[in-house]
Amino acid sequence: MIKHYSNSKKTLNKAFNLIDIIKIIKNLEETEALKWAKERTDKTAKACQSMPTYKVVKKELESVCYDQRKTPFGAIRKGYVYNFWMDYKNPQGLWRRTLVESYSQDKPKWEVLIDFDKLSKKLGKKVIYRGGSDYFQNPNRFLITMSCGGKDEMFFRAWDLEKKIL
């Protein structure tokens, strides 16, 4: 459904306000943009945390996300199942693998390839796992997609499956 907007002063003011906001957030590294984002984040967090259901919902969501009984879904590649896992002990997660035969057992024997909590400490910044994919130019490599602090800007590193290094 197409809405019709009049050329009223109120509508034009909203449009100009939106243009100002776009200018502010266009360069996220500028102090003004960061200040604008922080103000809105703080305001939203305060509003959410003041809701009577906040603590209950937060606890329920964490219990689902970090439930040890959840199925560790993964991708099969060259006899291994690769999986990204998060729990209370590893809030930023582990990228790991197990043999296909082990995966079908009650307690698979996982080999941790990248511990993102440890990697973050080593680099001095929060590194977030965003995904992984085959590196077709080299079958012994896997491309790992990451971001710093959860920003939209991502970077890639090639994981060497034999040497087990980034």
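Here numbering that gives the first Met the number 0 is used: the sequence shown runs in plain steps of one and ends on residue 165. Glycine included, every Cβ here is placed at the ideal spot set by N, Cα and C.
Check	Outcome
Beta carbon of residue 113 nearer than 7 Å to that of residue 149	no
Inter-residue CB distance, residue 79 and residue 98 (contact presumed, cutoff 8 Å)	6 Å
Proximity below 7 Å, CB of residue 116 to CB of residue 91	yes
Between the CA atoms of residue 84 and residue 58 - distance to the nearest angstrom	19 Å
CB-CB length for residue 123 against residue 144, believed under 8 Å	So it is not a contact: roughly 20 Å between Cβ atoms.
Residue 68 (DSSP reduced to helix, strand or coil)	coil
For residue 126, the residue or residues it bridges with in DSSP	147
Cα-Cα separation between residue 139 and residue 160, rounded to whole angstroms	5 Å
First and last residue of the uninterrupted beta strand (DSSP E) at residue 97	93-98
Neighbour-count burial assignment, residue 39, 16 or more Cβ in a 10 Å radius	exposed
Span of the beta strand (DSSP E) around residue 84	79-84
Rounded separation between residue 108 and residue 95 - CA only	10 Å
Alpha helix (DSSP H) segment containing residue 33, residue limits	30-48
For residue 113, the first and last residue of its enclosing beta strand (DSSP E)	110-114
Closest by C-alpha distance to residue 129, when choosing among 93, 50, 71, 102	93
Cβ-based neighbour list, residue 73, same chain, cut-off 6 Å, excluding 5 preceding and 5 following	80, 81, 82
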